[in-house]
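Undergrad: Could you have a look at this structure, given as structure tokens, before my questions?
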Amino acid sequence: MELRRDPVSLRWVIQADASASLARTPCPLCPGQEHLTPQTLYERRSGSGQWLLRVTPHPRPRYRIEGLPERRGEGLYDKMRNLGAHEIVTESPEHDRSLGQLGEEQVAEVVRAIVIRMADLKKDPRFRYVSVFRAHGSGVELEHPHSQITALPFVPRPLVEELRSAQRHFERKERCLFCDMIQQEMEQRVRTVDWNEAFVAFCPFASRAPYETWIFPVKHHCCFEEDLTDWNGQRRLARMLKSLMARIEKIAPSYRMVLHTAPNTQAKFEKPGHWTSLEHDFHWHLEILPEALPRPASILPEVYYNSVPPEAAALRLRELAVSEEDEAPPRSGSSA
Ligand SMILES: [Zn+2]
Ligand SMILES: [Zn+2]
Ligand SMILES: [Zn+2]
Numbered sequence: 004m005e006l007r008r009d010p011v012s013l014r015w016v017i018q019a020d021a022s023a024s025l026a027r028t029p030c031p032l033c034p035g036q037e038h039l040t041p042q043t044l045y046e047r048r049s050g051s052g053q054w055l056l057r058v059t060p061h062p063r064p065r066y067r068i069e070g071l072p073e074r075r076g077e078g079l080y081d082k083m084r085n086l087g088a089h090e091i092v093t094e095s096p097e098h099d100r101s102l103g104q105l106g107e108e109q110v111a112e113v114v115r116a117i118v119i120r121m122a123d124l125k126k127d128p129r130f131r132y133v134s135v136f137r138a139h140g141s142g143v144e145l146e147h148p149h150s151q152i153t154a155l156p157f158v159p160r161p162l163v164e165e166l167r168s169a170q171r172h173f174e175r176k177e178r179c180l181f182c183d184m185i186q187q188e189m190e191q192r193v194r195t196v197d198w199n200e201a202f203v204a205f206c207p208f209a210s211r212a213p214y215e216t217w218i219f220p221v222k223h224h225c226c227f228e229e230d231l232t233d234w235n236g237q238r239r240l241a242r243m244l245k246s247l248m249a250r251i252e253k254i255a256p257s258y259r260m261v262l263h264t265a266p267n268t269q270a271k272f273e274k275p276g277h278w279t280s281l282e283h284d285f286h287w288h289l290e291i292l293p294e295a296l297p298r299p300a301s302i303l304p305e306v307y308y309n310s311v312p313p314e315a316a317a318l319r320l321r322e323l324a325v326s327e328e329d330e331a332p333p334r335s336g337s338s339a
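Numbered according to our numbering, the sequence shown spans residues 4 to 339.
Encoded structure:
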């Protein structure tokens, strides 16, 4: 595998060698299959010794942790090795229990695991960006509920665009773009879905898809793992996540969630002074993009078309507040 950069969009793309796919049975993330992911990077165990959550290298990593990026040109084009870390957070031993169905405490354990792993990966100056990605529903590579942590030798293009846009707003107004947005959404309360003392969730003004939802910490902070070092903060985010996921899982067959946070300021950049104003102008957040099925596969999203306006989506999501029956009782023997 290698990383190639498109000279037009400046986007890095991973090119796979061959199309091998992970065996579906047995699930490599279920209890009893630990030999398929032998290296434990972080785990939580119950009193009886059963693991409750594990972080391991991905059983089929897209990135390799050894060596240097070896950036090189090929005529007009740029490429580099697929250097990076690709870790998987198995969120519970239960194969068919989604994030929205997990207890709040367990979701907070997931948040804590991510915080700890991200902080550790950012110590490596080769990695310019560390982030989290979560896929749920159709088309996922591994069905077992999990999140993926990736550490990359570059800052992904969509994030670069966001960082620049936030920087421009700050230069003009001397205020954080996201703080301004949060304030307006909290005042208008037409696109807000849920909020507590620490977090707010709303459907963005120009939503790309029905029920797209963003989660922000109310208090300004640019960096996810530095903001959420204590259990209280992790609990508050867990409460918000669980409440939102339970709603979104009811109306969308699948969704993708991505964390947008500050690049690794300890990393080596060719040009020094790259992201010096981050602390003031960037504000970490989670973006959840539900996917409706069937999706018209032929359409490239050059311009997104959203069939449900965010004001209507937020109203529907507010009405779908979590009720007691969503808390399914714990099950055992959960391999599918
Ligand atoms: Zn499983
Ligand atoms: Zn802010
Ligand atoms: Zn974002």
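Even glycine gets a Cβ: it sits at the ideal position worked out from N, Cα and C.
According to the Cβ coordinates, are L56 and R67 closer than 9 Å?
TA: no
Undergrad: So is D284 buried or exposed if we call it buried at 16+ other beta carbons inside 10 Å?
TA: buried
Undergrad: Starting from the N-terminal end, write out each residue whose C-beta falls within a distance shorter than 6 Å of any non-hydrogen atom of ligand 3.
TA: Here the list is E165, H263, H288 and E290.
Undergrad: Could you have a look at S301 and say whether DSSP puts it in helix, strand or coil?
TA: With a pLDDT of 45 at S301, under the threshold of 50, the modelled position of that residue is not reliable, and the figure given next carries that caveat. In this structure, S301 counts as coil in the three-state DSSP scheme.
Undergrad: I need the DSSP call for G236, collapsed to helix, strand or coil.
TA: Here G236 carries a helix assignment [DSSP, helix/strand/coil].
Undergrad: Within the chosen definition, does the region 159 to 176 reach the region 200 to 210 through at least 3 CB pairs nearer than 8 Å?
TA: no
Undergrad: What's the call for S301, buried or exposed, on a 16-neighbour Cβ count within 10 Å?
TA: With a pLDDT of 45 at S301, under the threshold of 50, the modelled position of this residue cannot be trusted, and the question is left open.
Undergrad: Assuming W287 contacts A265 (C-beta within less than 8 Å), just tell me the rounded distance between them.
TA: Correct: roughly 7 Å between the Cβ atoms.
Undergrad: Just tell me which of D9, T268, M189 and I218 has its CA closest to the CA of V261.
TA: I218
Undergrad: So, is R211 buried or exposed, given that buried needs 16 or more other C-beta atoms within 10 angstroms?
TA: exposed
Undergrad: Locate the beta strand (DSSP E) running through R75, then write down its first and last residues.
TA: R75 to E77
Undergrad: Check each residue's C-beta against every heavy atom of ligand 2 and list, in chain order, those closer than 6 Å.
TA: The set of residues with CB atoms less than 6 Å from any heavy atom of ligand 2 reads, in chain order, C179, F181, C182, H223 and H286.
Undergrad: How many angstroms separate the CA atom of H139 from the CA atom of R100?
TA: 11 Å
Undergrad: Tell me which residues share the same chain as A111 and place their Cβ nearer than 6 Å to its Cβ, disregarding the 5 neighbours each side in the sequence.
TA: Q237, R238 and A241
Undergrad: Which word fits P293, buried or exposed, when buried means at least 16 other C-beta atoms lie within 10 angstroms of its C-beta?
TA: buried
Undergrad: Please confirm whether any heavy atom of ligand 1 lies closer than 8 Å to the CB of H147.
TA: Correct: H147 has its Cβ closer than 8 Å to ligand 1.
Undergrad: How many Å lie between D197 and E322 at the Cα?
TA: 10 Å
Undergrad: Taking H149 as part of the alpha helix (DSSP H), name the residues at either end of that continuous run.
TA: Taken as a continuous stretch (DSSP letters only), H149 belongs to no alpha helix (DSSP H), being part of the beta strand (DSSP E) at H149 to L155.
Undergrad: Give me the DSSP bridge partner(s) of S2.
TA: The question about residue 2 has no answer here: the residues shown for the chain are numbered 4 through 339.
Undergrad: Between which two residues does the beta strand (DSSP E) harbouring K82 extend?
TA: Y80 to R84
Undergrad: Rounded to a whole number of angstroms, what is the C-alpha to C-alpha distance between P29 and Q36?
TA: Put simply, the backbone Cα of P29 is about 8 Å away from that of Q36.
Undergrad: How many Å lie between E107 and Q151 at the Cα?
TA: 20 Å
Undergrad: Distance check for G70 and K82, CA to CA, integer angstroms please.
TA: Whole-angstrom Cα-Cα distance: 15 Å.
Undergrad: Would the C-beta of C225 count as close to ligand 1, meaning under 8 Å from any of its heavy atoms?
TA: no
Undergrad: Between the region 169 to 184 and the region 84 to 91, do at least 3 Cβ pairs fall closer than 8 Å?
TA: Contact fails: fewer than three Cβ-Cβ distances are below 8 Å.
Undergrad: Is the separation between the beta-carbon of F130 and that of P159 shorter than 9 Å?
TA: Inclusion of F130 and P159 in the CB contact set at 9 Å is not warranted, their separation being larger than that value.
Undergrad: Give me the residue from V193, H223, H224 and R259 with the minimum Cα distance to A316.
TA: V193
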